[in-house]
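Structure first, then comments.
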Amino acid sequence: MLNNYKELDKAKTYLVTGAAGFIGFHLSKRLLDEGCHVIGLDNLNDYYSVKLKKDRLDIISQYKKFKFIYADLQDKTTLEKVFDSNRIDIVINLAAQAGVRYSITNPDVYIQSNIVGFLNILEICRHHNVEHLVYASSSSVYGMNVKMPFSVHDNVDHPVSLYAVTKKSNELMAHTYSHLYGLPTTGLRFFTVYGPWGRPDMALFLFTDAILNDKPIKVFNYGKMKRDFTYIDDIVEGVTRILNNPPQPNPDWDKAKADPGTSSAPYKVYNIGNNNPVELLQFIEVLEEKLGKKAKKEFLSLQDGDVPETYADIDDLVRDFGFKPKTSIDEGIGKFVEWYRSHYET
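Going by our numbering, the first residue of the sequence shown is number 50, and it counts up by one from there.
Here it is as structure tokens:
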């Protein structure tokens, strides 16, 4: 682990953007359970069920140390007011327009939310002396890379979706602010996150809903797709360990070799994945078992913007924070199905 590794500091105030989202909700709840002060920001957009977002918010709003602010990252004036009226120590930027396929048909919203919105976060963090900016990147940045497992030390210059482009752009923007202004930034490349309170546009939610309603599920790449499915609690644990450990400049960084995973600036990127890719058909089999019902499958080719396989190299995460995701798909899918049946009373 890092020589100066620090546990979660409960005296700090944490701003979580996208607090009503899937990961934002779980992270906020974890921080609140630990006794931290959390300011949650979200614009509650209708990309998917606003009711689901509000249901998440209802849970974390019960905590005395939680404050919710309805705002959009593109609204710099409102963001300025949030920072002017609150002492914010650490920012976790999870607000973004999500979805690989949606970015093909609705590119404009990705630029506004993921690029313009992130620029506003960077500017405000810079001017308000934020101790650490942690932000969500994505396994999508690996694009056409075929060297497995995907490593943060490999170049990621061949994206296959605009969503991936915006996430790679966030990493480049963060590096610039780390270099120019000394703002410590850590990018986290999440690998196919799933679990209770998950997004309705993700495969597990879509499959569960379809199977229970006797509708066919769309199985892309004829089921041969592989994903490094990562359970939400493992994601949150990884993020929590990183929060109070801002990156330090790497004195050994060599311009001639230019390792993308580290820098002479206070900048770092980590993969957070299960380090165990699972074939889509196996994933569906486990879901069928947990639901006690077989799926009607519609086999389709690989969609534009998708990649055949994701597989996270998490050596840096293990080395620096002593953490490795461990939840099996059997356990994780089981917990999701239990939540789904309870929440939707099926």
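Ideal Cβ placement from N, Cα and C applies to all residues, glycine included.
Everything numeric in this text was worked out from a predicted model, so none of it was measured.
Stretch-stretch touch, CB-based, cutoff 8 angstroms, three pairs: the region 344 to 363 with the region 219 to 227 = no
request  = Report the residue from D308, D365, L329 and A344 whose alpha carbon sits nearest the alpha carbon of D263.
outcome  = A344
message = Looking only at its chain, what residues have a beta carbon closer than 6 angstroms to the beta carbon of S200, apart from the 5 residues adjacent to it on each side?
response = D362
I363 (DSSP reduced to helix, strand or coil) = coil
inquiry  = Helix, strand or coil for H392? Go by DSSP, reduced to three states.
reply    = helix
task = Measuring alpha carbon to alpha carbon, tell me which of K103, R79, K59 and K384 ends up nearest V335.
result = K384
key: alpha helix (DSSP H) segment containing A344, residue limits   = Taken as a continuous stretch (DSSP letters only), A344 belongs to no alpha helix (DSSP H), as it is neither H nor E.
task = Compute the distance between the beta-carbons of D365 and Y319, then report whether it is under 9 angstroms.
result = For D365 and Y319, yes; Cβs fall inside 9 angstroms.
ask   = Tell me the DSSP bridge mates of S186?
value = R238
ask   = What residue ranges within the region 60 to 131 form continuous alpha helix (DSSP H) runs of no fewer than 4 residues, ordered along the chain?
value = For the region 60 to 131, whole alpha helix (DSSP H) runs of length 4 or above, ordered along the chain, are 71 to 82 and 99 to 109.
inquiry  = In the DSSP output, which residue or residues are listed as bridge partners for R276?
reply    = V327
query = Can you name the residues that DSSP bridges to E358?
reply = K275
ask   = Does DSSP put R378 in a helix, in a strand, or in coil?
value = At residue 378 the sequence reads Ile, which differs from the Arg that was named. In the structure shown, I378 sits in a helix (DSSP, three-state: H, G or I).
T235 versus D308: straight-line alpha-carbon distance, rounded = 15 angstroms
request  = Quick one: grab the DSSP three-state call for P265.
outcome  = strand
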